[in-house]
């Protein structure tokens, strides 16, 4: 589900219009997720939400909405985004827990990458950090 953006160069310039469009899209996606979860007999862990460009932005916000509603231990949704961005990244970055434990994965590569991304996100967008965080947090233990 698409939403209006005031600029293709800087998608976060008109926060009010962007916010309402994302909210409408996320509300729709969350209903689709509820319907699909019911169709799968409650097995939401079998659902992966993906998107390209705006679809990736909506997918990340749908995940954030689910985490806000269900708590950060909810691992029921996988998210993949390509050629995307995280709208309102500064607001998300300021509220993210910077010390997310990586105990769900024994893989040293993920730990090193998270550490490197954590340093880089202090200077810029946290979209890549969020996507990798989602991957680590949703891996089976």
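Residue numbers (this note's numbering): 140 to 280. For each residue, glycine too, the CB sits at the ideal point set by N, CA and C.
Start-to-end residues for the alpha helix (DSSP H) that takes in residue 205: On the chain shown, residue 205 is found 66 positions in, with the first residue counted as 1. It spans 193-209 - the alpha helix (DSSP H) in which residue 205 sits, taken as one unbroken run.
Taking the alpha-carbon positions, what's the residue 181 to residue 189 distance? In the chain shown, residue 181 corresponds to position 42, counting from 1. In the chain shown, residue 189 corresponds to position 50, counting from 1. Taking the straight line from one Cα to the other gives about 20 Å.
Quick test of your reading: residue 175 and residue 168, contact by CB under 8 Å. State the CB separation rounded to the nearest angstrom. Translated into the one-based positions of the chain shown, residue 175 becomes position 36. Translated into the one-based positions of the chain shown, residue 168 becomes position 29. Contact doesn't hold; Cβ gap of about 10 Å is too wide.
Rounded C-beta distance between residue 202 and residue 218? I'm assuming under 8 Å. Taking the first residue of the chain shown as position 1, residue 202 is located at position 63. Taking the first residue of the chain shown as position 1, residue 218 is located at position 79. Between residue 218 and residue 202 the Cβ distance is about 5 Å, and since that is below 8 Å, they are a contact.
Relative to the C-alpha of residue 223, which candidate in 159, 198 and 162 has its C-alpha closest? Here residue 223 refers to the residue found at position 84 when the chain shown is read from its first residue. That would be 198, whose Cα lies nearest to the Cα of residue 223.
When DSSP labels each residue in this structure, what does residue 284 get in the three-state scheme? A query on residue 284 cannot be resolved here, the shown segment of the chain reaching from 140 to 280 and no further.
So, are the CB atoms of residue 215 and residue 177 less than 8 Å apart? Against the chain shown, residue 215 aligns to sequence position 76. Against the chain shown, residue 177 aligns to sequence position 38. Cβ distance not < 8 Å, so residue 215 and residue 177 don't count as in contact.
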